[in-house]
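Protein sequences, first through last, are from chains P and Z. Heads up: the first sequence runs through residues 32 to 145, numbered per the numbering used here. Heads up: the second sequence runs through residues 1474 to 1586, numbered per the numbering used here. Glycine is no exception: its CB is placed at the ideal position from the N, C-alpha and C atoms.
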Amino acid sequence: QQQVKQSPQSLIVQKGGIPIINCAYENTAFDYFPWYQQFPGKGPALLIAIRPDVSEKKEGRFTISFNKSAKQFSLHIMDSQPGDSATYFCAALLLFGGYQKVTFGTGTKLQVIP
Amino acid sequence: DAGITQSPRHKVTETGTPVTLRCHQTENHRYMYWYRQDPGHGLRLIHYSYGVKDTDKGEVSDGYSVSRSKTEDFLLTLESATSSQTSVYFCAIRAAGVEEKLFFGSGTQLSVL
Chain P
32 QQQVKQSPQS LIVQKGGIPI INCAYENTAF DYFPWYQQFP GKGPALLIAI
82 RPDVSEKKEG RFTISFNKSA KQFSLHIMDS QPGDSATYFC AALLLFGGYQ
132 KVTFGTGTKL QVIP
Chain Z
1474 DAGITQSPRH KVTETGTPVT LRCHQTENHR YMYWYRQDPG HGLRLIHYSY
1524 GVKDTDKGEV SDGYSVSRSK TEDFLLTLES ATSSQTSVYF CAIRAAGVEE
1574 KLFFGSGTQL SVL
């Protein structure tokens, strides 16, 4: 019920390509679906988040597509750059008053080659 | 970085020894979390705190304890370290008014030999 399944495990694209990372969930009670970006030696940082009543959200070159009926969501990176090379984690978040319970996917290591 | 400092950044220890990791924050946030990160598992919640002396278990709490005697410090203790606790440990906070976001520290790489 609480799992978030993420694919692929790794991804290599050329500069300018559009990498797509997919996630699936089971629990329909989740309140938010965030994506985190992590560079080596650093902690994850929030990239973009979407609520389940929205089908798409864009922030700069990053877009989340959300399919509520299929219980799936994905991250698209437009015009990818070598600086986007990082590990990306999808997540699903439940709010309990002030506490948030976050379930993370297993991560996708993205490499963007020049 | 929401004023989060983790210490130490790296530690090597032997099986059976106690280890304490520290998370310090400077912005008076109420909610603090400890996660571990392992290949193939993503990030998994160990313990969290919702105030001074108020803590609760996460999904992988066995072998770990926590304490929060001051708002700014959240300590994670491995009472008797095992090799399975070799991992990268991250502290995180939830800022007031930003319900969808966790701010993470830079992590502690712990190796138990």
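Cβ pair residue i, residue j closer than 8 Å
i        : j        : result
S116(P)  : I49(P)   : no
H1483(Z) : Q1582(Z) : yes
C1496(Z) : G1580(Z) : no
R82(P)   : I108(P)  : no
V35(P)   : T134(P)  : yes
N58(P)   : S38(P)   : no
As assigned by DSSP and simplified to three states, the class of residue i
i        : result
G1515(Z) : strand
P65(P)   : strand
D1529(Z) : strand
T1542(Z) : At residue 1542(Z) the sequence reads Ser, which differs from the Thr that was named. Here S1542(Z) sits in strand by DSSP.
Q40(P)   : coil
Q112(P)  : coil
S1560(Z) : strand
Closer than 9 Å at the beta carbon, the chain Z residues around residue i
i      : result
V85(P) : The contacting residues do not exist; V85(P) stays about 12 Å from chain Z at best.
P71(P) : Going along chain Z, no residue has its Cβ under 9 Å from P71(P), so there is no contact; the nearest lies around 11 Å.
A80(P) : E1573 and K1574
Min CB distance residue i to chain Z below 8 Å
i       : result
Q68(P)  : no
G74(P)  : yes
P113(P) : no
L77(P)  : yes
Within chain Z, the residues that residue i reaches when beta carbons sit closer than 7 Å
i       : result
T137(P) : G1513, H1514 and G1515
Q131(P) : R1567 and E1572
F97(P)  : Under the 7 Å cutoff, chain Z gives no residues; its nearest Cβ is about 14 Å from F97(P).
Contact with chain P by residue i, beta-carbon distance below 8 Å
i        : result
K1574(Z) : yes
F1577(Z) : yes
F1563(Z) : yes
Alpha-carbon spacing of residue i relative to residue j, whole angstroms
i      : j      : result
F97(P) : A80(P) : 11 Å
Under 8 Å by beta carbon: chain Z residues contacting residue i
i       : result
L124(P) : E1573
Chain B contact residues for residue i, given Cβ-Cβ distances below 9 Å
i      : result
L42(P) : Absent here is chain B; the protein component of the structure consists of chains P and Z.
Neighbour list for residue i in chain P, Cβ cutoff strictly below 8 Å
i        : result
R1495(Z) : The contacting residues do not exist; R1495(Z) stays about 15 Å from chain P at best.
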